[in-house]
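S.K.: Here my numbering runs 34 ahead of the position in the sequence shown, where the first position is 1.
Think of the CB as a built atom: it goes at the ideal place given N, C-alpha and C, for glycine as much as any other residue.
Source: prediction; values computed, not measured.
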Amino acid sequence: MLLKFAIQEFLEDRKFKNLTEITVKGYERSLKAFHDYIVEEHQVLNIEDVRPFHIKDYLSYRKKELKNNAETINHEIRNLKAFFNYFVKEKVISVNPVTVPIQKTDTKIETFTDYHIRQMLRYYRKQKQRGDNFYAYRGYIMILILLGTGIRLGEMCNLKWKDVDFVNAKMTVIGKGRRQRTIPLTDNLKKELMEWRFYVEKKLGNVTEDSFVIPTQTGKRMNENSVKTFFQRLKKIMNFRDVRLSPHTFRHTFAKQWILSGGDVFSLQRILGHSTIEVTNKYVNLFGSALKEQNDKFNPLNNMDL
Numbered sequence: 035m036l037l038k039f040a041i042q043e044f045l046e047d048r049k050f051k052n053l054t055e056i057t058v059k060g061y062e063r064s065l066k067a068f069h070d071y072i073v074e075e076h077q078v079l080n081i082e083d084v085r086p087f088h089i090k091d092y093l094s095y096r097k098k099e100l101k102n103n104a105e106t107i108n109h110e111i112r113n114l115k116a117f118f119n120y121f122v123k124e125k126v127i128s129v130n131p132v133t134v135p136i137q138k139t140d141t142k143i144e145t146f147t148d149y150h151i152r153q154m155l156r157y158y159r160k161q162k163q164r165g166d167n168f169y170a171y172r173g174y175i176m177i178l179i180l181l182g183t184g185i186r187l188g189e190m191c192n193l194k195w196k197d198v199d200f201v202n203a204k205m206t207v208i209g210k211g212r213r214q215r216t217i218p219l220t221d222n223l224k225k226e227l228m229e230w231r232f233y234v235e236k237k238l239g240n241v242t243e244d245s246f247v248i249p250t251q252t253g254k255r256m257n258e259n260s261v262k263t264f265f266q267r268l269k270k271i272m273n274f275r276d277v278r279l280s281p282h283t284f285r286h287t288f289a290k291q292w293i294l295s296g297g298d299v300f301s302l303q304r305i306l307g308h309s310t311i312e313v314t315n316k317y318v319n320l321f322g323s324a325l326k327e328q329n330d331k332f333n334p335l336n337n338m339d340l
């Protein structure tokens with residue numbers, strides 16, 4: 035079977051399994067890049083001809099030439115394993131050629147400090163005050179949503195007004211594997227979202243329940259790449275040297291602050307939409323030392339003369 039046809043069949047199967055559009059597009063980008071490389075560099079056209087050394091060479095290229103980090107390489111390994119496993123089950127090939135083990139990753143998770151957050155919000159407040167600046171206001175709201183809910187980038191882009199329940203102060207999102215979860219809204223975030231909706235309605239016209247919370251200036255869905263570009267521009271403006279400015283860093287920051295404030299790990303798991311508690315526990319393990327420092331500093335027994 036031609037590799038390009040195999041990729042098409044696999045993507046159709048992912049759609050049939052009702053995976054999210056974001057997940058399917060992720061597979062598509064990953065497999066297209068693999069296809070283009072293996073055809074050009076090794077002249078391999080059929081899926082039956084792919085061998086382990088082809089996989090290793092491709093991943094080596096990504097690591098050395100594209101400077102991909104271990105997390106990105108692991109993402110590619112998982113996508114390729116899923117792809118070839120599908121055709122092993124379909125009996126098109128007998129063995130999965132992906133034999134490369136998952137790479138060890140740096141367990142450090144970067145988070146924003148209060149200083150970083152204040153600087154970003156202050157910048158957009160100033161931009162807003164200079165006039166009717168839709169882009170500045172939208173940037174301000176995106177930061178508040180990501181920081182105040184811990185949701186993923188794609189989940190924010192898919193968010194519609196029908197998903198925001200102002201009466202009960204909660205938000206419903208569809209996460210990985212189309213799993214639905216409910217996230218409580220703080221009073222501050224609820225107030226900001228209500229004011230944002232009023233502004234968008236005034237700026238763009240009629241806003242319905244099916245309108246996107248984070249729209250383009252024409253009212254359409256703002257895609258993930260556009261949001262990433264927005265944060266890349268903000269990164270240059272802020273010039274933070276000690277933290278990576280990306281949408282996912284807000285999610286890490288949400289988790290860290292939750293743990294340091296004494297929130298329980300099971301509630302955090304539900305809010306973040308993790309399928310297993312082990313994934314959530316990595317935050318507890320990483321930020322446990324900071325939690326101990328907080329306890330040592332504020333524990334009443336440490337401040338008493340017993």
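Quick check on the burial criterion: 16 or more other C-beta atoms within 10 angstroms. Buried or exposed for R186?
M.R.: Residue 186 sits at position 152 when you count from the first residue of the sequence shown. The residue is buried, with at least 16 neighbouring Cβ atoms inside 10 Å.
S.K.: Less than 8 Å separating the beta-carbons of L100 and L37?
M.R.: As a position in the sequence shown, residue 100 is number 66, starting the count at 1. As a position in the sequence shown, residue 37 is number 3, starting the count at 1. Not a contact, by the Cβ cut-off of 8 Å.
S.K.: List the whole-angstrom C-beta distance separating W230 from I175, where the pair is believed to meet the contact cut-off of C-beta under 8 Å.
M.R.: As a first step, residue 230 must be located in the sequence shown, where it is residue number 196. As a first step, residue 175 must be located in the sequence shown, where it is residue number 141. With 8 Å as the limit, W230 and I175 qualify as a contact, their Cβ atoms being about 5 Å apart.
S.K.: Within 10 angstroms of its Cβ, does V122 collect 16 or more other Cβ (buried), or is it exposed?
M.R.: Here residue 122 refers to the residue found at position 88 when the sequence shown is read from its first residue. Exposed: under 16 other Cβ atoms inside 10 Å.
S.K.: Are K204 and T216 close, meaning C-beta to C-beta below 8 Å?
M.R.: As a working mapping, residue 204 is identified with position 170 in the sequence shown. As a working mapping, residue 216 is identified with position 182 in the sequence shown. The answer is yes: Cβ separation under 8 Å.
S.K.: With DSSP as the reference, label T145 as helix, strand or coil.
M.R.: Stepping through the sequence shown from its first residue, residue 145 is reached at position 111. Of the three classes helix, strand and coil, the one that applies to T145 here is coil, per DSSP.
S.K.: Could you give the DSSP three-state label for D276: helix, strand or coil?
M.R.: Along the sequence shown, read from residue 1 onward, the residue named residue 276 stands at position 242. In this structure, D276 counts as coil in the three-state DSSP scheme.
S.K.: Closer than 7 Å by C-beta to N192: which residues in its own chain qualify, once you throw out the five before and the five after it? Chain order, please.
M.R.: Here residue 192 is taken as the residue at index 158 of the sequence shown, counted from 1. Hits under 7 Å: I208.
S.K.: In the structure shown, what three-state DSSP assignment does V164 receive?
M.R.: Looking up residue 164 in the sequence shown gives position 130. The amino acid at residue 164 is misidentified as Val; the sequence shows Arg. R164: coil per DSSP, three-state reduction.
S.K.: Between L93 and V134, is the Cβ-Cβ spacing less than 8 Å?
M.R.: By 1-based counting over the sequence shown, the position of residue 93 is 59. By 1-based counting over the sequence shown, the position of residue 134 is 100. Contact: yes.
S.K.: Would you say the stretch 68–85 touches the stretch 116–131, given that touching needs at least three Cβ pairs under 8 Å?
M.R.: Segments in contact, yes.
S.K.: Comparing C-alpha positions only, which one of R267, Q291, A170 and V277 sits nearest to T250?
M.R.: Along the sequence shown, read from residue 1 onward, the residue named residue 250 stands at position 216. With distances taken between Cα atoms, T250 lies closest to A170.
S.K.: Identify, in the order they occur along the chain, each residue of the same chain with its Cβ nearer than 8 Å to the Cβ of I106, setting aside the five sequence neighbours on each side.
M.R.: Your numbering for residue 106 matches position 72 in the sequence shown. Looking at the sequence provided, one finds Thr at residue 106 rather than Ile. So the qualifying residues of the chain are R96.
S.K.: Can you give the Cα-Cα distance for A289 and K142, rounded to whole angstroms?
M.R.: Reading the sequence shown from its first residue, position 255 is the one you call residue 289. Reading the sequence shown from its first residue, position 108 is the one you call residue 142. Going by the C-alpha atoms only, they are around 14 Å apart.
S.K.: Any idea what DSSP makes of V19, helix, strand or coil?
M.R.: Residue 19 cannot be examined here, being either before or after the span of the chain that is shown, 35 to 340.
S.K.: Looking at the unbroken beta strand (DSSP E) that takes in M35, where does it start and where does it end?
M.R.: The count along the sequence shown starts at 1 and reaches residue 35 at position 1. Here M35 belongs to no beta strand (DSSP E), and DSSP marks it neither H nor E.
S.K.: With a threshold of 8 Å on Cβ separation, who are the neighbours of K66 within its own chain once the five nearest residues in sequence on each side are excluded?
M.R.: For the purposes of this step, residue 66 is taken as residue 32 along the sequence shown, with counting starting at 1. So the list reads I41, once near-sequence residues are dropped.
S.K.: Give me the Cβ distance between V313 and V299, rounded to the nearest whole Å; I'm assuming they're in contact under 8 Å.
M.R.: For this step, residue 313 is matched to residue 279 along the sequence shown. For this step, residue 299 is matched to residue 265 along the sequence shown. The Cβ separation is near 11 Å, so there is no contact.
S.K.: Expressed to the nearest angstrom, what Euclidean distance is found between the alpha-carbon atoms of R278 and F265?
M.R.: In the sequence shown, the residue the question calls residue 278 occupies position 244. In the sequence shown, the residue the question calls residue 265 occupies position 231. Going by the C-alpha atoms only, they are around 10 Å apart.
S.K.: Considering Cα atoms alone, identify which of G184, G211 and F246 is closest to P218.
M.R.: Translated into positions along the sequence shown, residue 218 becomes position 184. Taking only the C-alpha atoms, the option nearest P218 is G184.
S.K.: Have a look at Y158 and F168 and give me their C-alpha separation to the nearest angstrom.
M.R.: Working through the sequence shown from its first residue, we reach residue 158 at position 124. Working through the sequence shown from its first residue, we reach residue 168 at position 134. For Y158 and F168, the distance between alpha carbons rounds to 11 Å.
S.K.: Ordered along the chain, which non-local residues of its own chain (more than five positions away) have a Cβ less than 7 Å from that of W292?
M.R.: Working through the sequence shown from its first residue, we reach residue 292 at position 258. L302, listed in sequence order.
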